[in-house]
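Q: The sequence shown begins at 406 in the numbering used here and counts up by one.
For glycine and all other residues, C-beta sits at the position ideal for the given N, C-alpha and C.
Please read all numbers here as calculations on a predicted model, not as lab measurements.
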Amino acid sequence: MPARLIGQQLTLHLYHDRIVGFVGSTEVVEIPRIHVHGSAAIRRARCINYRHVVESLRQKPRAFLYCQWQEDLLPDADWCELWQQMQRCTEPDTAVRWMVEALSIAATQDREVEVAGYLKTELAAGTFTLHRLQHQFKLMLTLPVPDVASVQHALSSYDQRFQTQSPTATEARTRL
């Protein structure tokens with residue numbers, strides 16, 4: 406469950422393909438339902454969405470380094486490969502900071518594929534730095550806001566409209 410739901414009482418609706426969580430009558434989370442079949446039934450199934458825990462990992466990135474479910478936390482096989490590359494090319498503490506920051510950017514900007522592609526390119530070229538990653542995707546986050554010039558019309562134009570369209574008080578009395 407997302408970390409923001411810690412301490413909340415959830416009502417869960419189980420469906421064949423998903424689990425939907427409600428706080429009161431408001432839907433707050435929907436996750437895929439995982440089924441374990443055959444001899445794997447001894448093992449418990451898990452479905453971990455990195456987006457639910459990435460902010461906590463940013464505060465303590467080494468938790469990812471020693472986590473038993475590293476592969477479950479990573480979005481897909483490409484990210485697993487990137488994690489292995491990072492571990493090979495630098496020390497563990499640096500690699501884990503790189504990975505957690507990349508996951509955070511991917512989650513907050515909803516750009517998993519673009520971040521993974523950037524990481525592949527930079528790691529292959531040997532030019533990857535945390536600063537370059539942040540710079541590349543922070544620039545895309547803050548797009549320039551165009552200047553829009555608006556001209557406020559004079560409020561007296563309303564007075565003129567009312568004077569020409571509404572009958573005067575004496576005209577209204579003569580009609581009655």
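For Pro-497, does the three-state DSSP call read helix, strand or coil?
A: If DSSP states are grouped into helix, strand and coil, Pro-497 belongs with the helices.
Q: So the beta strand (DSSP E) His-418 belongs to, where does it begin and stop?
A: It spans 416-419 - the beta strand (DSSP E) in which His-418 sits, taken as one unbroken run.
Q: Apart from the five residues on each side of it in sequence, which residues of its chain come closer than 7 Å, Cβ to Cβ, to Leu-546?
A: Residue placement at Leu-546 is poorly supported in this model, since its pLDDT is 48, which falls under 50; the coordinates still yield a value, given next. So the qualifying residues of the chain are Gln-514.
Q: When we look at the beta-carbon of Val-518 and count the other beta-carbons within 10 Å, is it buried (16 or more) or exposed?
A: Result: exposed.
Q: Please report how far the alpha carbon of Ser-461 lies from the alpha carbon of His-540, in whole angstroms.
A: Spanning the two alpha carbons is a distance of roughly 22 Å.
Q: Buried or exposed: Ala-500, going by 16 or more other Cβ atoms within 10 Å of its Cβ?
A: Ala-500 should be labelled buried.
Q: Measure how close the beta-carbons of Asp-477 and Arg-451 come, nearest whole angstrom, since I'm counting them as under 8 Å.
A: Confirmed, Cβ separation roughly 6 Å.
Q: Measure the CB-CB distance between Ala-617 and Asp-483 and report whether it falls below 8 Å.
A: The structure shown does not extend to residue 617, since the chain is modelled only from 406 to 581, so the question has no answer here.
Q: Can you tell me which of the three DSSP states Tyr-563 falls into?
A: Of the three classes helix, strand and coil, the one that applies to Tyr-563 here is helix, per DSSP.
Q: Taking only the alpha-carbon atoms, compute the straight-line gap between Val-458 and Ala-530 and give it to the nearest angstrom.
A: Distance between the alpha carbons of Val-458 and Ala-530 is about 30 Å.
Q: Need the endpoints of the beta strand (DSSP E) that Thr-431 sits in, please.
A: Start and end: 431-437.
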